[in-house]
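Asks:
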RNA sequence: GCCCCGGUCGUCUAGCCAGGUCAGGAUGCCACCCUUUCAAGGUGGAGAUCAGGGGAUCGAAGCCCCUCCGGGGUACCA
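Numbering (our numbering), first residue to last: 83 to 570.
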C-alpha cells in the first residue's frame with residue numbers, strides 16, 4: 083500500500099446535501115484523520131442539466147458546520163487544482179482519445195430510440211449482447227477529427243469475456259462477468275465526461291489511495307476497474323459504505339422529510355451531537371459506548387468496525403443525543419448558542435440575563451430552536467398574557483388564590499428589602515407562608531409559578547424567581563391579582 | 001427480467017472472520033423512585049425462537065447449501 087492515505091469526498095452540486103452525503107464525507111474525513119492522511123473535496127459537476135445554483139456553497143457550509151476541514155479542494159486549492167470537474171474537460175477528452183486510439187473505446191451514433199429498442203430486446207431474450215452496432219460497424223472517427231460532436235458519444239468497449247473482481251475493504255471479494263456489462267458512455271456529446279470516466283481520471287491524477295463511497299456505487303465498480311486497466315493506472319482500494327435510508331428503508335430522498343443538513347442546523351441540533359450520532363450509523367466503538375468524543379472517534383476509526391447493512395436514520399435517538407450534548411455545555415456556551423436561535427437582538431444586559439437563565443433551562447432543552455419559547459417569559463416586566471383561570475389550583479377557588487397571592491406579596495415586601503433574594507431564602511420564607519395558609523406545596527407553589535411565569539410549567543420556581551429578580555416577581559404577582567380580581 | 005449487496009429486540013448496534021455464558025449495550029415504550037410543575041437522574045420491565053429451511057459438528061447467530069424478503073444498479077444522472 084502506498085504510504086500516504088488520500089481520500090476524497092466528491093459530491094455533485096445537484097441540490098441540498100443530505101445526511102447520506104454528509105455521512106459519506108464524515109467517514110472519509112475520519113479515515114484521513116485517523117491515518118494522518120489527506121482529505122480532498124472535489125466537485126463532480128459533469129451534468130450541466132442538473133446543476134443547482136448555490137449547491138456547492140451549501141455542501142461546503144455543511145462540512146464547515148460540522149468542522150470537517152479539507153486539505154485540498156474548493157477555496158483552499160492544492161497541487162491538483164482545479165477541483166471542479168467542469169474545469170478539467172480537456173483532461174477527460176484527451177484520455178478519451180487515448181482510449182479511442184488504443185481500441186478500448188469507440189464512437190457511438192445510436193439515437194435514444196435505437197438504444198431503447200436494443201435494451202428491450204436484450205431483456206426479452208434474456209441474453210445480453212454487449213454494445214450497439216457501432217462497436218463493429220467500422221464507423222470509427224477519422225484520425226484528427228474532433229472528439230466531440232453533437233450527435234455522437236464515446237463508449238468504452240467492455241471485454242466480451244472474463245471476470246472483473248474487486249476486493250472491497252468492507253464487503254470482501256465481489257465479482258462480475260464482463261459479458262454482462264454494457265458498453266457505457268465515457269464522453270457525452272456535449273464534450274463532458276460521464277461520472278465513470280471523470281471519477282477514474284481524477285482519482286488517479288489526484289493520487290487517491292482509498293475510494294470510500296456509498297454502496298449504490300458498487301455496481302459501477304467493474305466499469306471503473308476496467309478503465310483503470312485500459313489506462314494502465316493502478317486502481318485504488320475500494321470500500322463501499324452502507325447506505326442511510328428513510329424509515330421505509332428506501333434510499334434517502336426529498337419525500338423523507340428533513341434530510342438536508344442545513345435543516346438540522348435550523349432545528350437547533352448541535353454539530354457535535356449530529357456528528358456523534360451519524361458516525362454511529364454504520365460504525366461502532368465497542369458496541370456499548372454511544373457518546374464518543376471526536377478524538378476518541380478519530381483514534382479508533384477503522385474500516386473493520388464498519389457495518390455492512392444499511393441503517394435507518396432515527397430522529398428520536400438523535401434528539402436524545404442532542405440533549406446529552408446540550409447538557410454538557412457550560413452556561414456561557416449554552417447562552418451563546420441559544421442566542422443564535424432567539425430572533426431579536428439582545429443588548430448587553432439581556433445577554434447577561436440570558437447567561438443566568440441558561441442553566442435553568444439546560445436540562446429541559448432538546449433542541450436549540452426551543453430557546454426563544456423556553457425563555458420568553460423571563461423577559462419583559464410582566465409575563466406574557468395568560469388565562470387567569472390557570473392561576474387557580476386544584477382544590478382552590480378564586481378568592482383563596484387571591485388571598486394567597488396577597489400573602490406572598492406581603493411576605494416578599496416585608497422580609498426581603500433589597501438583600502437576599504436567593505432561592506433558598508425564598509423557599510424557606512414562602513414555604514412558611516404557604517403552610518400558614520394551610521395550602522399544599524403543590525397548590526401554593528403552583529399558583530406562584532403561574533403568577534411569576536404565566537405558565538404552568540417552568541424550571542424550579544425559586545431559582546426562576548431568583549434569576550428574574552425581586553422587582554419583576556413582585557410586578558407579576560400584582561398583575562396576577564389584578565387579572566383575578568374581576569372573577570371574584 | 002438481469003446483475004450485485006444486505007438480513008441480530010420497533011430503531012441504532014455488540015457478538016460472526018479465529019463455533020461452547022440466560023444473545024450484551026443504547027434509544028424508544030411502560031412502571032416505580034426522586035419531586036413544587038416540566039425535565040434530568042435512578043431502578044425495574046416488556047421487546048430478537050439471531051429472515052426461514054436443511055446439512056457437517058457432542059455443540060451454530062457464527063461454518064456449508066437452498067429458499068424467502070429488503071435494498072441498490074441496470075441513463076449521453078451522479
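Where a beta carbon is used, it is the ideal one built from N, C-alpha and C, also for glycine.
1) Roughly how many whole angstroms lie between the Cα atoms of residue 474 and residue 529?
2) Could you compute how far the alpha carbon of residue 252 sits from the alpha carbon of residue 326?
3) Figure out for me which residue from 391, 359, 202 and 432 has the closest Cα to the Cα of residue 398.
4) In chain order, what are the residue ranges of uninterrupted beta strand (DSSP E) at least 3 long that sit wholly in the stretch 487–529?
5) Is the stretch 261–276 close to the stretch 312–328, with three or more CB pairs under 8 angstroms?
6) With H, G and I counted as helix, E and B as strand and the rest as coil, what does DSSP make of residue 294?
7) With a 10 Å radius around its C-beta and 16 neighbouring C-beta atoms as the bar for buried, classify residue 275 as buried or exposed.
8) Here's a check: name, in chain order, each residue in its chain whose Cβ is nearer than 8 angstroms to the Cβ of residue 444, leaving out the five neighbours to either side.
9) Provide the residue(s) that pair with residue 275 in DSSP beta bridges, ordered along the chain.
10) Could you say which of 88, 106, 86 and 447 lies nearest to residue 392 if we only look at CA atoms?
11) What's the call for residue 336, buried or exposed, on a 16-neighbour Cβ count within 10 Å?
12) Does residue 285 pass the burial test, meaning 16 or more other C-beta atoms within 10 Å, or should it be called exposed?
13) Let me confirm a value: residue 568 is counted as buried when at least 16 other C-beta atoms fall within 10 Å, else exposed. Which label applies?
14) What does the alpha-carbon distance come out to for the pair residue 279 and residue 433?
15) Within the same chain, show all residues whose beta-carbon is closer than 8 angstroms to that of residue 117, passing over the 5 residues directly before and after it, in chain order.
16) Just verifying my parser: in three-state terms, what is the DSSP assignment at residue 373?
17) Tell me which same chain residues have a C-beta within less than 8 angstroms of the C-beta of residue 83, skipping the five on either side of it?
18) Are the beta-carbon atoms belonging to residue 383 and residue 112 less than 7 angstroms from one another?
19) Around the C-beta of residue 134, are 16 or more other C-beta atoms found within 10 angstroms, so that it is buried, or is it exposed?
20) Looking at C-alpha atoms only, which residue of 238, 248 and 352 is the closest neighbour of residue 69?
21) Helix, strand or coil: which one does DSSP assign to residue 566?
22) Do you know how far the Cα of residue 127 is from the Cα of residue 194?
23) Using only the alpha-carbon positions, how far apart do residue 198 and residue 192 sit?
24) Which whole-angstrom value is the C-beta distance of residue 556 and residue 491, which I expect to be below 8 angstroms?
25) Would you report the Cα separation of residue 255 and residue 168, rounded to the nearest angstrom?
26) Over what stretch of residues does the beta strand (DSSP E) that includes residue 188 continue unbroken?
27) Report the three-state DSSP secondary structure of residue 256 (helix, strand or coil).
28) Pull up the DSSP beta-bridge partners for residue 155, would you.
29) Between the Cα of residue 264 and those of 205, 140 and 160, spot the shortest distance and give me the residue it belongs to.
30) Note down, one range per segment and in chain order, each alpha helix (DSSP H) of at least 4 residues found wholly within the stretch 399–443.
Replies: Considering the structure as presented:
1) The C-alpha of residue 474 lies about 7 angstroms from the C-alpha of residue 529.
2) For residue 252 and residue 326, the distance between alpha carbons rounds to 16 angstroms.
3) The option with the nearest alpha carbon to residue 398 is 359.
4) The qualifying runs do not exist here; there are none.
5) Between the stretch 261–276 and the stretch 312–328, the count of Cβ pairs shorter than 8 angstroms is below three; the stretches do not touch.
6) It is a strand residue.
7) Burial call: buried.
8) Excluding sequence neighbours, residue 444 sits near 408, 409, 411, 413 and 416.
9) BP columns for residue 275 point to 269.
10) Residue 392 has its Cα closest to that of 106, out of 88, 106, 86 and 447.
11) With fewer than 16 other Cβ atoms inside 10 Å of its own Cβ, residue 336 counts as exposed.
12) Classified as buried, residue 285 has 16 or more neighbouring CB atoms from the shown chains inside 10 Å of its CB.
13) Exposed is the label assigned to residue 568, since fewer than 16 other Cβ atoms lie within 10 Å of its Cβ.
14) Taking the CA atoms as reference points, residue 279 sits about 55 angstroms from residue 433.
15) 87.
16) Reduced to three states, the DSSP call for residue 373 is coil.
17) Reliability of the predicted coordinates at residue 83 is poor, the pLDDT of 46 falling under 50, and no value is obtained from them.
18) In this structure, residue 112 lies closer than 7 angstroms to residue 383 by Cβ.
19) Result: exposed.
20) Look at the range of the chain in this structure, 83 to 570, and you will see that residue 69 is not part of it.
21) Residue state, collapsed to three classes: helix.
22) Their backbone Cα atoms lie some 23 angstroms apart in a straight line.
23) The alpha-carbon atoms of residue 198 and residue 192 are separated by roughly 10 angstroms.
24) Their Cβ separation, rounded to whole angstroms, is 7 angstroms, which keeps residue 556 and residue 491 in contact under 8 angstroms.
25) Distance from the CA atom of residue 255 to the CA atom of residue 168, rounded to whole angstroms, is 34 angstroms.
26) Here the beta strand (DSSP E) through residue 188 covers 187–190.
27) The answer is strand: DSSP assigns residue 256 an E or B state.
28) Per DSSP, 159.
29) Measuring from the Cα of residue 264, the nearest candidate turns out to be 205.
30) Considered as a whole, the stretch 399–443 harbours 413–421 and 430–443 as its complete alpha helix (DSSP H) runs of no fewer than 4 residues, in chain order.
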